[in-house]
Every structure is written in structure tokens, then in C-alpha cells.
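Read through the structure below, which is laid out as C-alpha cells, and then see the notes.
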Amino acid sequence: MLNDFKQRNLLVSVSLEDRQNMISANLSMLNERIIQTRSELIKLIAQRDTIGAFSKDRAQDSEIPPPLVENEVVTSLRSQLAELRKAQAEQSSRYGELHPIMKGLHQQISQIKDALSMEIHARLTNLEAEIEALQETERRFESEMTEEKESALALNALGLEYNKLTREVGTTKETYESLLKRRTETALSGLLESNFVSWFEKAEVPTTAVSPSIPLYALLGFGASLTLGLSFIALITVMDNSVRSRSQLEELLGLPVLGALPAVPSLSKGTDRPLAERDLYIHHHPTSIAAEAARSIRTNLLLLTTDSPPKTIMVTSPRAQEGKTTTALALAISMAQSGSRVLVVDTDLRRPRLHKALGVTARTGLTTVLLGEELSEALKATDLPNVDLLPCGPLPPNPAEILHSQRFADLVTRLESMYERIIFDSPPVNYVTDAVVLSRIVSGSVLVIMANSTPRDAARHAARQIRDVGAKCLGVVLNSTEEVDAYSSYQYSYSSLKNGGSHEVDGQLPETSPS
């Protein structure tokens with residue numbers, strides 16, 4: 110059956126694994142080509158926009174933009190225009206505007222300007238043609254990638270049946286070998302002579318054990334375990350370099366601690382619950398300790414500057430897996446619960462996760478808007494009241510340059526006119542420069558520190574990174590902490606009064622998932 114399957118699916122000369130490897134290599138190659146094409150497309154669009162703006166805003170009177178500096182015709186025309194204007198200025202002190210010399214100079218200047226405009230228009234036309242060709246190339250690559258993905262899916266389906274047949278062949282072979290071995294053993298046992306055994310003396314059972322001495326060994330084991338345990342605890346305490354408390358965090362960074370988000374034991378001990386359930390915990394449990402902690406952080410954040418509360422807020426962390434994405438969502442939900450219209454922007458252009466947490470697609474998003482797509486098509490409504498999402502979109506090859514571009518700054522200004530609060534989820538500040546670039550654009554930044562995990566040196570370096578570029582750090586959130594005993598008692602009593610004496614409390618914030 111296995112040979113028939115191979116012949117039927119053309120797997121005789123080329124194995125299933127080789128075909129899968131070829132398809133995987135093709136997918137990788139197509140993905141690299143798509144990324145290169147999109148990068149070149151972004152560059153050409155930027156050149157087109159720059160030259161277009163130069164052409165519309167009386168380009169002859171302004172400085173030549175970089176895309177036209179290498180154009181010899183434009184440079185020559187600009188030099189001629191400068192000489193004619195110099196001559197015009199010199200002759201204007203001697204002759205009037207109606208003098209033939211002045212009229213001739215005016216006519217020459219007009220001709221140079223017309224020639225300059227025609228050359229710029231020709232360059233724009235060439236750029237449009239190049240952009241259209243790249244867009245067609247991108248569509249062709251995407252079509253080929255779709256075909257390769259379909260082939261991969263079909264091959265995976267064949268792989269299931271192939272593996273099943275392979276296991277059946279292996280099982281049959283093992284059964285045959287076992288039967289053959291038993292047959293050989295049976296044949297050999299028939300050739301052996303019978304053994305004769307006689308009873309020499311009856312064995313007696315001793316009344317006490319000779320060894321080991323159970324009480325002695327138990328005492329020694331208890332003492333050794335206690336000594337090793339205490340030594341291990343002391344060693345861990347001395348070597349622990351992580352941030353453990355709010356007071357330690359305030360003294361370390363010199364920044365206000367906006368609040369502490371607790372961890373929930375039931376979610377901290379396993380990973381069997383969906384990631385989205387952790388991220389949206391305070392939405393599903395609005396009366397929990399975690400929800401109250403998030404609202405407290407919101408209040409402290411907005412009261413830092415009562416005259417002009419921050420409108421655009423970046424949430425980041427020193428390292429990965431410290432809870433910045435979950436904290437950003439908690440902050441957005443708590444602000445939306447107070448009546449504000451909130452937008453969450455996924456500016457983690459390397460490992461985006463917000464679209465998965467909120468259950469929306471990310472085929473369009475921030476990167477496609479910067480490429481010219483309509484903003485309304487990229488903004489996503491969510492199941493959270495008053496909360497919208499602008500996902501990352503397709504991953505770009507140059508995230509830091511995109512966040513540093515004028516187009517991104519203009520987009521942020523446009524979003525500020527549409528929403529009352531905007532929360533930016535950024536990459537870890539100690540890993541890449543994206544968060545540092547973004548911190549200069551927003552009103553302020555919030556730094557998330559994981560209790561008993563984030564090293565003190567990493568926390569100090571992250572805060573210094575933001576300060577060194579002149580950006581404003583609004584404060585720090587201590588995540589996954591257990592310093593909530595007194596606060597938990599108050600929330601327990603308050604929740605009981607709200608629910609008519611019920612003693613059911615939703616719990617604490619789940620341990621933050623990796624971002």
C-alpha cells in the first residue's frame with residue numbers, strides 16, 4: 110500500500126520531505142522578494158511625494174530636494190536661473206521694468222522656469238511608471254506565494270496519510286519479527302533437557318531488619334534537606350538582582366510609580382488558557398482587583414498634569430515578556446470605561462500581537478496607511494466599548510525609519526483630532542530604537558516593570574534611554590506583583606457591598622503574557 114501511495118502521488122523519485130523543503134524554500138524566497146519590493150516601493154513613493162511638493166510650491170524659488178540633486182539638467186537650469194536673476198537685480202538699478210533689456214531678462218527667466226517645470230514633470234512621470242511596475246511585481250509575487258501556500262497545504266494533507274501508512278508498515282514489520290523470534294525460542298526450548306530441583310532446607314524469616322536503620326536515616330535526611338533548603342534560599346536572595354517592590358522601584362528610577370498590577374495564581378501556574386483571555390481580563394471581570402488597579406493607574410496618570418492630561422501615551426518595557434501589551438490594553442479599557450474614545454495603535458512593527466488579542470485581522474494597518482491606503486480601511490472596531498484598533502499591518506523591513514518619518518508624525522496629528530486618548534504599544538526599549546524614536550512624538554511614556562523578573566540595571570537603562578532623547582517619562586507600572594494585601598481587603602469589601610453581600614471576587618490580573 111505504501112508503494113502504491115508513492116507512485117500515485119509522484120513520490121518515488123522525489124521524497125515527501127524533499128518536496129516540502131522545496132516549497133518551504135520557495136515561500137522563503139518569495140517573502141524576501143516581497144519585502145525588497147515593498148521597501149523599494151516606499152522609497153520611490155517618498156521621492157515622488159518630495160518632487161511633487163517641490164513642483165507645486167514654486168519649486169524654482171526653493172532649495173532643490175535630494176531626489177533632484179543628481180539631475181544634471183535641473184542643476185544646469187537652476188544655475189542659469191540664478192545668473193539671470195543676478196543680472197536682473199543689477200540692471201534694475203539702471204533701467205525701468207519696460208526697458209528692452211529688462212524685458213529680455215524677464216523673457217529668459219520665464220523660459221528657464223518653463224524648462225525646469227517640464228524636466229520636473231518628466232521625472233515625476235518616470236517615477237509613476239517605476240511605482241506602477243513595482244506594484245505589479247508585488248502583486249505577481251503575492252499571487253505566486255498564494256499558489257505555493259496552497260501547494261504546501263495539499264502536501265501536508267498527503268503527509269498525514271503517508272505517515273499513517275509508514276506507521277502501519279513499521280507495526281507490521283515489528284509484529285513479524287516478534288513472531289519469528291517466538292518461533293525460534295520455541296524451537297530451541299524443545300531441544301533443552303528438563304531441570305531437576307530438590308528441597309535442601311526451609312528458609313526462615315528474620316524478626317528484625319539488619320539494615321538500614323530507618324529512624325537514623327530519616328533524621329539525617331531531614332537535617333540535610335533543611336540545611337540545603339536554607340542555603341539555597343539565602344543564595345537566591347543574595348543573587349537576586351530584580352526589582353521586587355514599589356519603594357525599591359521609586360528609589361531606583363526616581364520616577365513616580367503609577368500603580369501595581371497584581372498576578373492571579375490560577376493563571377500564573379499554567380498556559381492552558383487563551384492568551385486573549387489574559388489580555389482582556391479586566392474587561393471580562395470589571396469588579397476584580399485587577400480592574401480596580403487599572404483604574405487607579407488611569408487616575409494617577411491623568412492627575413499628573415491636570416491642566417493638560419497626556420493625549421498620546423506610549424507603553425513600553427525594558428525587555429520582552431514583561432507585560433507591556435497587556436498593560437496597554439488595561440490602560441485603554443480603563444480610559445474607555447470613563448467615557449473617553451480611545452484608539453490603540455500597534456507600533457510593535459517586529460512582533461505585533463494586539464490584533465490577535467482583540468480578534469481582528471491585520472492585513473491592513475499602520476504600514477499600509479503610510480503607503481497611501483485610506484485610514485478608514487485600516488481602523489478596526491473592537492468588541493470593547495469606545496476602543497478602536499489600528500493594527501500593525503504587513504511587517505516592514507525598516508521599522509525605525511517608518512516611525513521617524515514625517516508621514517508617521519502627520520498621521521499621529523490626524524489621529525489626535527479623531528480620538529481623545531491614543532495608546533501606542535511599542536517594542537522593548539532596550540532591544541531596538543523604535544521605542545526611543547516614538548517617545549519623542551507622543552505626550553509621554555509609561556514604563557512597565559515585571560516584579561521579581563526585570564533586572565535593576567535593565568530598568569535603569571530603559572529610563573535613561575527615554576530621558577537622553579529629551580522625551581517625557583510619565584511614570585512606571587509594576588506588573589505581576591503580590592504587594593496588594595491591604596488593597597485586596599478593601600476591594601473585597603467594596604465588591605461585596607456592590608453585589609448585595611456576595612463574597613465572590615473575580616480574582617487578580619493574570620500573569621502578563623509575552624508581548
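Note that the working numbering has the sequence shown beginning at 110, numbered continuously upward. Cβ atoms here follow ideal geometry from the backbone N, Cα and C, with glycine treated the same way.
For the beta strand (DSSP E) that PRO371 lies in, which residues bound it at each end? Counting from one through the sequence shown, the residue named residue 371 turns up at place 262. Per DSSP, the continuous beta strand (DSSP E) segment holding PRO371 begins and ends at 366-371.
Within 8 Å, do at least three Cβ pairs link the stretch 558-566 to the stretch 403-419? Here the stretch 403-419 does not lie against the stretch 558-566, with fewer than 3 beta-carbon pairs under 8 Å apart.
Let me know the secondary structure DSSP gives ARG530 once reduced to three states. Position 421 of the sequence shown, counted from the first residue, corresponds to residue 530. Strand.
Quick check: what's the CA-CA separation for GLY332 versus TYR326? Indexing the sequence shown from 1 puts residue 332 at position 223. Indexing the sequence shown from 1 puts residue 326 at position 217. Between the alpha carbons of GLY332 and TYR326 lies a distance of about 10 Å.
Please determine if the stretch 534-548 and the stretch 570-586 are in contact, where contact requires at least 3 C-beta pairs separated by less than 8 Å. Contact between the stretch 534-548 and the stretch 570-586 is present: three or more C-beta pairs spanning the two stretches fall below 8 Å.
Three-state class that DSSP yields for ASP519 in the structure shown: Numbered from 1 along the sequence shown, position 410 holds the residue referred to as residue 519. ASP519 falls in the helix class under three-state DSSP.
Can you list the beta strand (DSSP E) stretches of 3 or more residues lying completely in the stretch 402-484, in chain order? Correct list: 421-425 and 451-455.
Could you check where the beta strand (DSSP E) with ILE550 kicks off and where it finishes? On the sequence shown, residue 550 is found 441 positions in, with the first residue counted as 1. Under the DSSP assignment, ILE550 falls outside any beta strand (DSSP E); it carries neither an H nor an E label.
Helix, strand or coil, according to DSSP, for SER375 in the structure here? Looking up residue 375 in the sequence shown gives position 266. For SER375, the predicted structure reports a pLDDT of 48, less than 50, and the residue's modelled location is therefore unreliable. The matter cannot be settled from this model.
Could you tell me how far apart the beta carbons of GLU521 and VAL424 are, in whole angstroms, since I believe they sit closer than 8 Å? Locating residue 521 in the sequence shown gives position 412, where the first residue counts as 1. Locating residue 424 in the sequence shown gives position 315, where the first residue counts as 1. Reading off the sequence, residue 521 comes out as Val, not Glu. The pair is not a contact, with the Cβ atoms about 15 Å apart (cut-off 8 Å).
Answer with buried or exposed for VAL278, where buried requires no fewer than 16 other C-beta atoms within 10 angstroms of its C-beta. The residue labelled residue 278 in the question sits at position 169 within the sequence shown. VAL278 sits exposed, since fewer than 16 C-beta atoms from the chains shown fall within 10 Å of its C-beta.
Option nearest LEU498 by Cα separation, candidates PRO505, ILE511, PRO506 and LEU484: The count along the sequence shown starts at 1 and reaches residue 498 at position 389. Residue LEU484 holds the alpha-carbon nearest to the alpha-carbon of LEU498 among PRO505, ILE511, PRO506 and LEU484.
I need the DSSP call for ASP388, collapsed to helix, strand or coil. Within the sequence shown, numbered from 1, the residue matching residue 388 stands at position 279. Three-state DSSP puts ASP388 in a helix.
Quick check: the Cα distance between ASP416 and VAL496, rounded to an integer number of angstroms? Taking the first residue of the sequence shown as position 1, residue 416 is located at position 307. Taking the first residue of the sequence shown as position 1, residue 496 is located at position 387. Cα atoms of ASP416 and VAL496: separation of roughly 24 Å, rounded to the nearest angstrom.
Pick from LYS290, ILE391, LEU463 and LEU479: whose alpha carbon is nearest that of ILE151? In the sequence shown, the residue the question calls residue 151 occupies position 42. LEU479 is the residue among LYS290, ILE391, LEU463 and LEU479 whose C-alpha sits nearest the C-alpha of ILE151.
Inter-residue spacing [alpha-carbon to alpha-carbon] between LEU370 and ILE442: Position 261 of the sequence shown, counting from 1, holds the residue named residue 370. Position 333 of the sequence shown, counting from 1, holds the residue named residue 442. Roughly 14 Å between the two C-alpha positions.
Which residues bound the alpha helix (DSSP H) around ASP577? Walking along the sequence shown from the start, residue 577 turns up at place 468. From DSSP, the alpha helix (DSSP H) with ASP577 extends over 565-577.
Among the residues of its own chain, which have a CB less than 6 Å from the CB of HIS513, if the five just before and after it don't count? As a position in the sequence shown, residue 513 is number 404, starting the count at 1. Counting only Cβ-Cβ distances below 6 Å, and skipping sequence neighbours, we find VAL546.
Return helix, strand or coil for THR396, following the three-state DSSP convention. Along the sequence shown, read from residue 1 onward, the residue named residue 396 stands at position 287. Three-state DSSP puts THR396 in coil, outside helix and strand.
Pick out whichever of GLN129, GLU510 and CYS582 has its Cα sitting closest to the Cα of ALA266. Here the question's residue 266 lines up with position 157 in the sequence shown. Distances from the alpha-carbon of ALA266 to those of GLN129, GLU510 and CYS582 put GLN129 closest.
Please classify LYS489 as buried or exposed, where buried requires at least 16 other C-beta atoms within 10 Å of its C-beta. Sequence index remark: in the sequence shown, residue 489 carries index 380 (1-based). Result: buried.
DSSP-derived helix/strand/coil call for ASN350: For the purposes of this step, residue 350 is taken as the residue at position 241 of the sequence shown. The answer is coil: DSSP assigns ASN350 none of H, G, I, E or B.
Out of SER526, GLU359, ALA261 and GLU510, which one is the CA nearest neighbour of ALA544? Working through the sequence shown from its first residue, we reach residue 544 at position 435. Ranking SER526, GLU359, ALA261 and GLU510 by CA distance to the CA of ALA544 puts GLU510 first.
Can you look up SER611 in the DSSP assignment and give me helix, strand or coil? As a first step, residue 611 is located in the sequence shown; it is residue number 502 there, counting from the start. Because SER611 sits at a pLDDT of 37, beneath the cut-off of 50, its placement in the model cannot be relied upon, and the point is left open.
Spatial neighbours of LYS433 within its chain, please: CB distance less than 7 Å, with the 5 preceding and 5 following residues excluded, ordered by chain position. The sequence position of residue 433 within the sequence shown is 324, counting from 1. So the qualifying residues of the chain are VAL424, THR425, SER426, ASP534, VAL557 and SER624.
Return the bridge partner residues of ILE558 from the DSSP annotation. The residue given as residue 558 occupies position 449 in the sequence shown. Residue pairing for ILE558: DSSP places it in a beta bridge opposite LEU587.
Alpha-carbon spacing of GLU431 relative to LEU463, whole angstroms: Here residue 431 refers to the residue found at position 322 when the sequence shown is read from its first residue. Here residue 463 refers to the residue found at position 354 when the sequence shown is read from its first residue. Using only the alpha carbons, I get a separation of about 15 Å.
Do LEU358 and VAL183 have their C-beta atoms within less than 7 Å of each other? Taking the sequence shown and counting its residues from 1, the one referred to as residue 358 is at position 249. Taking the sequence shown and counting its residues from 1, the one referred to as residue 183 is at position 74. LEU358 places its beta carbon 7 Å or farther from that of VAL183.
Using the C-alpha atoms, what's the distance from THR491 back to GLU259? Here residue 259 corresponds to residue number 150 of the sequence shown, with the count starting at 1. Here residue 491 corresponds to residue number 382 of the sequence shown, with the count starting at 1. Cα to Cα, GLU259 sits roughly 30 Å from THR491.
What number of angstroms, rounded off, separates the C-alpha of LEU458 from the C-alpha of ILE160? By one-based count along the sequence shown, residue 458 stands at place 349. By one-based count along the sequence shown, residue 160 stands at place 51. For LEU458 and ILE160, the gap between their C-alpha atoms comes out near 28 Å.
DSSP three-state label for LEU492, please. Here the question's residue 492 lines up with position 383 in the sequence shown. Contrary to the premise, residue 492 reads as Asp rather than Leu in this sequence. Three-state result, ASP492: coil.
What are the residues that DSSP puts in a beta bridge with CYS582? By 1-based counting over the sequence shown, the position of residue 582 is 473. In DSSP, CYS582 forms a bridge with SER554.
When the Cβ atoms of the stretch 202-211 are set against those of the stretch 227-243, are three or more pairs found closer than 8 Å? Verdict: no, contact absent.
Can you tell me whether ASN588 is buried or exposed, with buried defined as 16 or more other CB within 10 angstroms of its CB? The residue labelled residue 588 in the question sits at position 479 within the sequence shown. The residue in question, ASN588, is buried, as its Cβ has 16 or more Cβ neighbours within 10 Å.
Rounded to whole angstroms, what is the Cα-Cα separation between LEU504 and THR476? Mapped onto the sequence shown, residue 504 falls at position 395. Mapped onto the sequence shown, residue 476 falls at position 367. Approximately 8 Å between the Cα atoms of the pair.
Could you give the DSSP three-state label for LEU498: helix, strand or coil? Residue 498 sits at position 389 when you count from the first residue of the sequence shown. LEU498: strand per DSSP, three-state reduction.
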